[in-house]
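Residues in the sequence shown are numbered consecutively from 34, following this note's numbering.
For every residue, glycine included, the Cβ atom is placed at its ideal position computed from N, Cα and C.
Read the structure below first, then the notes.
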Amino acid sequence: AAASMEAVPAVNSSWADTVIRQPNYVDVSVAVATESGLMTPIVKDADIKGLKSIAADVRDLAERARTGSLQPDEYQGGTFTISNLGMFGIKNFSAIINPPQSCILAVGGARRELVPKEGTDPKNPEVEVATLMSVTLSCDHRVVDGAVGAQWLQEFRSKVEDPLRMLL
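Printed below as a string of structure tokens:
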């Protein structure tokens, strides 16, 4: 998600009463279910971290959120949120934006489906099994309108479909 904000930085913005703020950093909040309710610990500077570092941060922050050992600066703020219900078998859902952030990405579970094979006759296509995932981007249209949200989703999709691009 953070890597896609380089191409579409407007998604990394927030509404502040009468102005739009666009920070020069990307702090991604990750929704974590805890016994006391939902918490959104923050992976700070996610735009300059590698996947391995982000994964380690998410594991650490999620564990500390569940044990109640996060400090306030580790869950207050953030510039964008990701909520993943895929591990619960949810295919797709709509998530509620965490103000003052302008966007939240709802991630559904991966599933295997038959799809037409590229380059085959559309009237009689060959099929193959593909792994598919549904995501939904909720946007505060005072800050990020549907066209900008769609641009960001296109960028996100291109990175998810070709993850090696994020490593280069």
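Within the same chain, SER37 come within 6 Å of PHE189 by CB-CB distance, once the 5 residues on both sides are set aside. For ALA43, there is no enclosing beta strand (DSSP E), as DSSP marks it with neither H nor E. Selection VAL168, ALA128, ILE81, THR112 evaluated against LEU186 yields VAL168 as nearest (Cα-Cα). For ILE115, the uninterrupted beta strand (DSSP E) run begins and ends at 113-117, by DSSP. The alpha-carbon separation between ASP50 and THR112 amounts to approximately 16 Å. Contact check for ASP173 against ILE123 fails: the beta carbons are separated by 7 Å or more. Its Cα nearest to that of MET120, the residue MET166 stands out among PRO155, ALA89, MET166, THR114.
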